[in-house]
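> Residue numbers (the numbering used here): 23 to 467. Okay, handing you the structure first.
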């Protein structure tokens, strides 16, 4: 079989295009249906924004799988495996649950039960962990009950990790897209580097997941015109978990040993998947860390682990002085470093250059994290060659009234009451307005 790079690219483009084109009509439908909850205390945004973005993402998922099933090389994935159908079944259930939650709200325990049912549906159709490669022990075969429990636990953890990190505009979709790109590189290498057909479904899942996130991201960047809601965050979390279960629990380590040419080579190739529970955690390490910290924090305070608060990592980045966009970019940076670092280490874990590169980039990330208010300023002679946002210092000297007006407008934005949700909210019709009292604030100038 030839390497279907062009078919993967076509699947990616179709998924992204369908998701992008559906998001606009879905936004209008969400507004008409009243899926615009009022601003909560833990929310970062200040204007009611429609949800149900997961509807468009599910449409992109269906379109991507449909196109792939008719392509010359990728249709073999559907012929030789039932995993794509298992994914679609579980995704449909979790998507319906998310839509109900976005519109009417669903109790946390009910959502947890729905997530377990969706994972169980995938297990019943063959998408399950069959064995675990453990270093020093070898391959451990799992009983059907053990495989079911481990698969359900992995799916539920991944879904909630993605759901917890969905707190800033463009954060969850961007981080999952980065993770999916890294996962695609790993699964593609398993398939074509070692000729293991069992890695093909995971490769397809990663491409479709990237398309879903890329198609939705333009509508979700700050300031977001629509949120994916639980219908989207739980959906992309389930697709990510399905890929991890597929490539980890379905790939036979003994077959990899044969394909790699020896035990030493196979050991190096299996570094990131020695323990299947750690594979999705390395790909979405930041959301999982946020999930663990949230559970510990809420339990320590005597609260329910599912109680919402403003203690997530992205909230803390905003509190120490980072802007919305910078906080999102920092989270992107750490996700890419961990995900691609794990993939690079799995490809050549004997190279010290990879380890040194990861350490160096980690140091850069820490410097960026500890300098929240650093804004580069251009010298006076170079101001005309740089964007206007780097000329604020010069404007303070030349036009102090303009700077005062900007500060007053910012203060008004901080103090004003949230706009109540409804069909006539600030984001319901027309362009978004960052300041509802803009004319009043500037009327005296």
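We treat Cβ as the ideally placed atom computed from N, Cα and C, and that holds for glycine.
Tell me the start and end of each unbroken beta strand (DSSP E) in the region 161-198 that is at least 3 residues and wholly inside, in chain order.
Taking only runs of at least 3 residues, no beta strand (DSSP E) segment lies wholly in the region 161-198.
> For residue 33 versus residue 81, is the C-beta spacing smaller than 8 Å?
Along the chain shown, one-based indexing puts residue 33 at 11. Along the chain shown, one-based indexing puts residue 81 at 59. The answer is no: Cβ separation not under 8 Å.
> Of the choices 70, 29 and 154, whose alpha-carbon is the least far from that of residue 98?
What you label residue 98 is simply residue 76 of the chain shown in a count that begins at 1. The residue with the shortest Cα to Cα distance from residue 98 is 29.
> Whole angstroms are fine: how far does the CA of residue 121 sit from the CA of residue 77?
As a first step, residue 77 must be located in the chain shown, where it is residue number 55. As a first step, residue 121 must be located in the chain shown, where it is residue number 99. Residue 77 and residue 121: Cα-Cα distance of roughly 8 Å.
> Quick one, which of 35, 339, 144 and 266 has its alpha-carbon nearest residue 89's?
The residue you call residue 89 lines up with position 67 of the chain shown. When each option's Cα is compared against that of residue 89, the closest is 35.
> If you follow the alpha helix (DSSP H) that residue 147 is in, where does it begin and where does it stop?
Position 125 of the chain shown, counted from the start, is the residue given in the question as residue 147. Note, residue 147: premise wrong, no alpha helix (DSSP H); not H, not E.
> Apply the 10 Å Cβ neighbour rule to residue 342 and answer buried if 16 or more other Cβ atoms are within range, or exposed otherwise.
Along the chain shown, one-based indexing puts residue 342 at 320. Burial call: exposed.
> Would you mind reading off the limits of the alpha helix (DSSP H) that contains residue 99?
For the purposes of this step, residue 99 is identified with residue 77 of the chain shown, where counting begins at 1. Start and end: 97-102.
> Measuring CB atoms only, is the region 105-117 touching the region 140-151, in the sense that at least three cross pairs come out at less than 8 Å?
Yes, the region 105-117 is in contact with the region 140-151.
> Considering only the beta carbon of each residue, do residue 360 and residue 339 sit closer than 8 Å?
Your numbering for residue 360 matches position 338 in the chain shown. Your numbering for residue 339 matches position 317 in the chain shown. Going by C-beta atoms, residue 360 is not nearer than 8 Å to residue 339.
> What whole-angstrom Cβ distance do residue 133 and residue 55 have, given they're in contact under 8 Å?
Within the chain shown, the letter at position 111 stands for residue 133. Within the chain shown, the letter at position 33 stands for residue 55. Contact doesn't hold; Cβ gap of about 20 Å is too wide.
> Let me know if residue 106 comes out buried or exposed under the rule of 16 or more other beta-carbons within 10 Å of its beta-carbon.
By 1-based counting over the chain shown, the position of residue 106 is 84. Flag for residue 106 reads buried.
> Name the one or two DSSP bridge partners that residue 154 has.
Position 132 of the chain shown, counted from the first residue, corresponds to residue 154. Beta-bridge pairing links residue 154 to 162.
> 8 Å is my cut-off, CB to CB: does residue 131 come that close to chain D?
Protein chains in the displayed structure number just one, and chain D is not present.
> Ends of the alpha helix (DSSP H) at residue 16?
Within the shown structure, residues of the chain are numbered from 23 to 467, placing residue 16 beyond reach of any answer.
> Return the residue from the list 245, 231, 100 and 214 that minimises the CA-CA distance to residue 39.
If you number the chain shown from 1, residue 39 lands on position 17. Closest option to residue 39, Cα to Cα, is 231.
> Mapping DSSP to helix, strand and coil, what is residue 345?
Reading the chain shown from its first residue, position 323 is the one you call residue 345. Of the three classes helix, strand and coil, the one that applies to residue 345 here is coil, per DSSP.
> Using 8 Å as the Cβ pair cut-off and three pairs as the minimum, do the region 187-200 and the region 239-247 touch?
Enough Cβ pairs lie closer than 8 Å, so yes.
> If you check the beta carbons only, do residue 344 and residue 190 fall under 8 Å apart?
Residue 344 sits at position 322 when you count from the first residue of the chain shown. Residue 190 sits at position 168 when you count from the first residue of the chain shown. Not closer than 8 Å, so no.
> How far does the alpha helix (DSSP H) with residue 69 in it reach, from first residue to last?
Within the chain shown, numbered from 1, the residue matching residue 69 stands at position 47. No alpha helix (DSSP H) contains residue 69, which DSSP labels as neither H nor E.
> In whole angstroms, give me the CA-to-CA distance for residue 233 and residue 86.
Position 211 of the chain shown, counted from the first residue, corresponds to residue 233. Position 64 of the chain shown, counted from the first residue, corresponds to residue 86. Straight-line Cα distance between these residues: approximately 8 Å.
> Kindly list the residues whose CB is nearer than 6 Å to the CB of residue 119, restricted to its own chain and excluding five residues on each side of it in sequence; keep chain order.
To locate residue 119, count along the chain shown from 1; it is residue 97. For residue 119, where only same-chain residues beyond five positions count, the Cβ hits under 6 Å are 136.
> Pairs of beta-carbons, one from the region 168-188 and one from the region 251-265, closer than 8 Å: are there three or more?
The region 168-188 vs the region 251-265: in contact.
> Hey, quick one: how far does the alpha helix (DSSP H) through residue 323 stretch, first residue to last?
Within the chain shown, residue 323 is the residue found at index 301, counting from 1. Neither: residue 323 is in no alpha helix (DSSP H) and is coded neither H nor E.
> Can you have a look at residue 47 and say buried or exposed, based on whether 16 or more other CB atoms are within 10 angstroms of its CB?
Numbered from its first residue, the chain shown carries residue 47 at position 25. Exposed: under 16 other Cβ atoms inside 10 Å.
> Looking at the secondary structure, which residues open and close the alpha helix (DSSP H) in which residue 57 lies?
Working through the chain shown from its first residue, we reach residue 57 at position 35. Counting along the chain, residue 57 falls outside any alpha helix (DSSP H), and DSSP gives it neither H nor E.
> Can you tell me whether residue 284 is buried or exposed? The criterion is at least 16 other CB atoms within 10 Å of its CB, across all chains shown.
Taking the first residue of the chain shown as position 1, residue 284 is located at position 262. With a pLDDT of 48 at residue 284, under the threshold of 50, the modelled position of that residue is not reliable, and the figure given next carries that caveat. With fewer than 16 Cβ atoms within 10 Å of its Cβ, residue 284 is classed as exposed.
> Along the chain, where does the alpha helix (DSSP H) that runs through residue 370 open and close?
Taking the first residue of the chain shown as 1, we reach residue 370 at position 348. Premise fails: residue 370 is in no alpha helix (DSSP H) and is neither H nor E.
> Just to confirm, is the Cβ distance from residue 269 to residue 173 under 8 Å?
Mapped onto the chain shown, residue 269 falls at position 247. Mapped onto the chain shown, residue 173 falls at position 151. Taking 8 Å as the Cβ cut-off, residue 269 and residue 173 do not qualify as a contacting pair.
> Under a three-way DSSP split, which group does residue 129 fall into?
Along the chain shown, read from residue 1 onward, the residue named residue 129 stands at position 107. In the structure shown, residue 129 sits in coil (DSSP, three-state: anything other than H, G, I, E or B).
> For residue 69, count neighbouring Cβ atoms within 10 angstroms of its own Cβ and tell me buried if that reaches 16, exposed if not.
Here residue 69 is taken as the residue at index 47 of the chain shown, counted from 1. That one is buried.
> Quick one: is residue 373 buried, meaning 16 or more other Cβ sit within 10 Å of its Cβ, or exposed?
One-based indexing of the chain shown puts residue 373 at position 351. When all chains shown are included, residue 373 counts as exposed.
> Just curious, the alpha helix (DSSP H) that residue 77 is in, first and last residue?
Locating residue 77 in the chain shown gives position 55, counting from the first residue. Element bounds for residue 77: 76-90.
> Taking residue 258 and residue 350 to be in contact with their CB atoms under 8 Å, please state how far apart those CB atoms are, rounded to whole angstroms.
Here residue 258 is taken as the residue at index 236 of the chain shown, counted from 1. Here residue 350 is taken as the residue at index 328 of the chain shown, counted from 1. Incorrect: roughly 16 Å between the Cβ atoms, too far for contact.
> What residue range does the alpha helix (DSSP H) around residue 236 cover?
The residue you call residue 236 lines up with position 214 of the chain shown. Where residue 236 is concerned, the enclosing alpha helix (DSSP H) stretches over 222-242.
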